[in-house]
Amino acid sequence: MTVAAAPEGAVWVVLGEDGEGAVSTVFLGSDGAVLERRRMPRADLPASIAATVTDLRWVWSDASHWYVPLVAAGVRVARCHDLRLCHAILRDSAAVSDAAALRAAGEWDAPAAAAPDGGAALFELEGDTGSTAAVPHGIEAALVEFTRQREASANGAGALRLLLAAESAGALIAVEMNAAGVPWDADVHDDILRELLGDRPAPGRLPSRVEELAAKVRAALGDATASLDSQPRLLRALHRAGVLAASTSKWELAEYDHPVIEPLLAYKKATRLLSANGWAWREEWAPDGRFRPVYVPGGVVTGRWASSGGGALQLPRQLRPAVRADPGWAFVVADVAQLEPRVLAAMSRDTALAGSARGTDLYQGMVDRGVMPTRQDAKIAMLGAMYGATTGDSGRLVPALRRAYPKAMGLVDAAARTGEEGGVVSTWLGRTSPPPPPEWHALQGRAGDQDAADADRTRAQRSARDRGRFTRNFVVQGTAAEWALCWLADVRTRLAALPPVSPAQAAPRSGILHGRQAHLAFFLHDEIIVHTPLEQADAAAAAVRDAADAATRLLFGEFPLDFRLDLHIREDAGKA
DNA sequence: CGGAGCGGCGCG
DNA sequence: AAAGCGCGCCGCTCCG
16 MTVAAAPEGA VWVVLGEDGE GAVSTVFLGS DGAVLERRRM PRADLPASIA ATVTDLRWVW
76 SDASHWYVPL VAAGVRVARC HDLRLCHAIL RDSAAVSDAA ALRAAGEWDA PAAAAPDGGA
136 ALFELEGDTG STAAVPHGIE AALVEFTRQR EASANGAGAL RLLLAAESAG ALIAVEMNAA
196 GVPWDADVHD DILRELLGDR PAPGRLPSRV EELAAKVRAA LGDATASLDS QPRLLRALHR
256 AGVLAASTSK WELAEYDHPV IEPLLAYKKA TRLLSANGWA WREEWAPDGR FRPVYVPGGV
316 VTGRWASSGG GALQLPRQLR PAVRADPGWA FVVADVAQLE PRVLAAMSRD TALAGSARGT
376 DLYQGMVDRG VMPTRQDAKI AMLGAMYGAT TGDSGRLVPA LRRAYPKAMG LVDAAARTGE
436 EGGVVSTWLG RTSPPPPPEW HALQGRAGDQ DAADADRTRA QRSARDRGRF TRNFVVQGTA
496 AEWALCWLAD VRTRLAALPP VSPAQAAPRS GILHGRQAHL AFFLHDEIIV HTPLEQADAA
556 AAAVRDAADA ATRLLFGEFP LDFRLDLHIR EDAGKA
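Every number in my numbering is 15 more than the matching position in the first sequence, counting from 1.
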């Protein structure tokens, strides 16, 4: 197939379905004017995209719909504008002066599409097999929505456009990481399971060590038939044995001194591992030496990613050693030290807090400056300040923080006040919290009546405080997510610029797109894992560090603060 | 029988 | 010691 170059001056190229088995690409200039329109059979799309100039930004309805089959076909795009994700941001953003047209376009409010099924079905079959996304995929709908979004974001701050770009880059990365997968060593996983659970049992049976623990628990309870998996029945059995706990949670049970406690806690830990990340989990989620979680960019209100299936965001640290690089490959494992407090320092321009953080562990910096007696106190206090703690150790420590860092604390306190009053708050780049539902306002209204019942007043107050803690945390968690997205996007770009290694050094299970090059393999809020050929490990590590600095400058300019990374080049992802 | 609700626990 | 934010998933119980 011959492919014409992109037209002169093209900046955007909108992609959409255009009739039976066909797609169209519409090239737009920077002013949004249509420069050229091309229609082609759907099957020609991967080759066409692979041949098109790389600095264009692809505009499409939904990355799960368009990009999954492209990646499966070995095609990467450098940049995109994901209409579904950007719609969700623009619709609610306080930085958009008139979102009426966007709010009226409810067909773009669909949630994330179904899990990518990994197949290339889109280009082989008619119809939309794997996806339940309700957003429109047609070319005309895309053009109309893109125009709406350009108009909505045209007059706003550059920050908002940066957010749209970062969110869209995340959509690409989520698809690519699912395709590449996390290298997963079944033998190491088995060793861990056998150590903690015993040998793998026959179907329907419990592993030997779990059976032994259950027997010990029943013996200690003096009840040979006690049910251990039903909270109400277990609680009654505990009461009969003299353990008068109010719940069966482990931190409450740990309070009691009774022979049943130790085996019971071990039993709970073992059955948790078995059901969450046991042999059945591996057969479903890492059957071929790769763990392929489904990431859901923008899946959390704050802008954090969520995940769907496989529990990607809950992988227990216990199992980290099973994350093992391929032979001849290594990991760059990096996490940001105290991401959220640093973000708070930067966005509040609190030079005192930034000073405590610069060049050091932030919590230790607080101790060194006499703000907190111990590192642990500093951590508890800072988390309490960002989460809205009012009681306990954390609540007691917060006032000292207010004295030492009035600007930083002023920012989160103001966000909390806004939330308590029913208002919305925004992140640094302009993602805005969802407003409280109508019932919330109704409750507050009732409580304000002259003859309101005490119970209503109490409920309304509690509900207002809940709202305040949510908005307090939203600004920090959401801005941290923005920093992380910018970091991630820049890491991706830098890694893509590394030369491919020889076919003999390839990691075939990482896919055609990633198997010969350092690539992102995992992302979890403030941590990334890059899977890299050994010979590129130093370059990949430099990319990760440089991208962190670039993200900091991109968001916060020359504000004097560094975002420190704990970074290691290793063969597994276990604790350093 | 399936789905909602919930306790519990894993992650940041 | 287990409150104060955001999640997903498991097993059990309850309900229609």
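Yeah, the Cβ is synthetic: ideal placement off N, Cα and C, and Gly gets one too.
Since we're looking at a predicted model, the values are computed, not measured.
To which residues of the same chain is residue i closer than 6 Å at the C-beta, ignoring the five residues directly before and after it?
| i | result |
| --- | --- |
| V386 | A419 |
| A349 | I543, V559, L580 and L582 |
| D272 | none |
| G133 | Reliability of the predicted coordinates at G133 is poor, the pLDDT of 38 falling under 50, and no value is obtained from them. |
| W27 | L43, R72 and V74 |
| L569 | C501 |
| I276 | L268 |
| A201 | none |
Under 8 Å between the Cβ atoms of residue i and residue j?
| i | j | result |
| --- | --- | --- |
| A194 | A87 | yes |
| L549 | G343 | yes |
| R560 | A352 | no |
| L158 | V29 | yes |
| V439 | P452 | no |
| L513 | A174 | no |
| W199 | V347 | no |
| L328 | L535 | no |
| A8 | D541 | Residue 8 cannot be examined here, being either before or after the span of the chain that is shown, 16 to 591. |
| L249 | L243 | yes |
| P302 | G325 | no |
| A554 | V545 | no |
| V41 | I154 | yes |
| A119 | E160 | no |
| L228 | P151 | no |
When we look at the beta-carbon of residue i and count the other beta-carbons within 10 Å, is it buried (16 or more) or exposed?
| i | result |
| --- | --- |
| R482 | buried |
| V49 | exposed |
| T317 | buried |
| H204 | buried |
| N170 | exposed |
| G572 | exposed |
| E32 | buried |
| G237 | exposed |
| R477 | exposed |
| G196 | buried |
| R446 | buried |
| L592 | No answer is possible for residue 592: it lies beyond the span of the chain, which begins at 16 and ends at 591. |
| D408 | exposed |
| L259 | exposed |
| S45 | exposed |
So residue i and residue j are supposed to be a Cβ contact under 8 Å. How far apart are they, rounded?
| i | j | result |
| --- | --- | --- |
| A345 | E191 | Rounded, the Cβ-Cβ distance is 19 Å, inconsistent with contact. |
| E182 | P274 | Incorrect: roughly 54 Å between the Cβ atoms, too far for contact. |
| A241 | A230 | Actually they do not touch by this definition, with Cβ atoms about 11 Å apart. |
| R53 | S39 | 7 Å |
| A360 | A423 | 6 Å |
| A400 | V427 | 6 Å |
| A165 | G47 | The identity of residue 165 in the sequence shown is Arg, whereas the question assumes Ala. Sure, about 6 Å apart at Cβ, within 8 Å. |
| Y310 | L187 | Between L187 and Y310 the Cβ distance is about 11 Å, and since that is not below 8 Å, they are no contact. |
| R300 | L208 | In the sequence as presented, Arg is not what sits at residue 300; that position holds Trp. Actually they do not touch by this definition, with Cβ atoms about 14 Å apart. |
Looking at the unbroken beta strand (DSSP E) that takes in residue i, where does it start and where does it end?
| i | result |
| --- | --- |
| S594 | Any answer about residue 594 is impossible in this case: the structure gives the chain only from 16 up to 591. |
| S39 | A37 to G44 |
| P302 | First-last for P302: undefined, no H or E at that position. |
| V29 | A25 to E32 |
| W344 | W344 to V351 |
| L580 | L580 to R585 |
| M13 | Residue numbering for the chain in the displayed model covers 16 to 591; residue 13 lies beyond these limits and cannot be assessed. |
Would you give the residue range spanned by the alpha helix (DSSP H) that residue i belongs to?
| i | result |
| --- | --- |
| W81 | A78 to A87 |
| P247 | Q246 to R255 |
| I543 | Premise fails: I543 lies in the beta strand (DSSP E), E542 to P548, not in any alpha helix (DSSP H). |
| V203 | A201 to L212 |
| D505 | D469 to A511 |
| V190 | G173 to A195 |
CB-CB under 7 Å to residue i, same chain, minus the five flanking residues each way: which ones, in chain order?
| i | result |
| --- | --- |
| R509 | A558, D561 and A562 |
| M16 | Residue placement at M16 cannot be trusted, given a pLDDT of 49 that sits under 50; what the coordinates show is reported in the next sentence. If we look at M16 and ignore the five residues flanking it on each side, its Cβ neighbours are D59 and A62. |
| A462 | D471, R472 and A475 |
| E355 | M401, V491, Q492 and A495 |
| M55 | A37, V38 and S63 |
Once you ignore the five residues that flank residue i on each side, which residues in its own chain have a CB closer than 8 Å to its CB?
| i | result |
| --- | --- |
| Q379 | R390 and A393 |
| A114 | L105, R106, D107, S108 and A167 |
| A431 | G403, G483, R484, T486 and R487 |
| R335 | D587, A588, G589 and K590 |
| L576 | R357, A360, A361, A369, A372, R373 and T567 |
| V506 | L535, I543, V545, A558, V559 and A562 |
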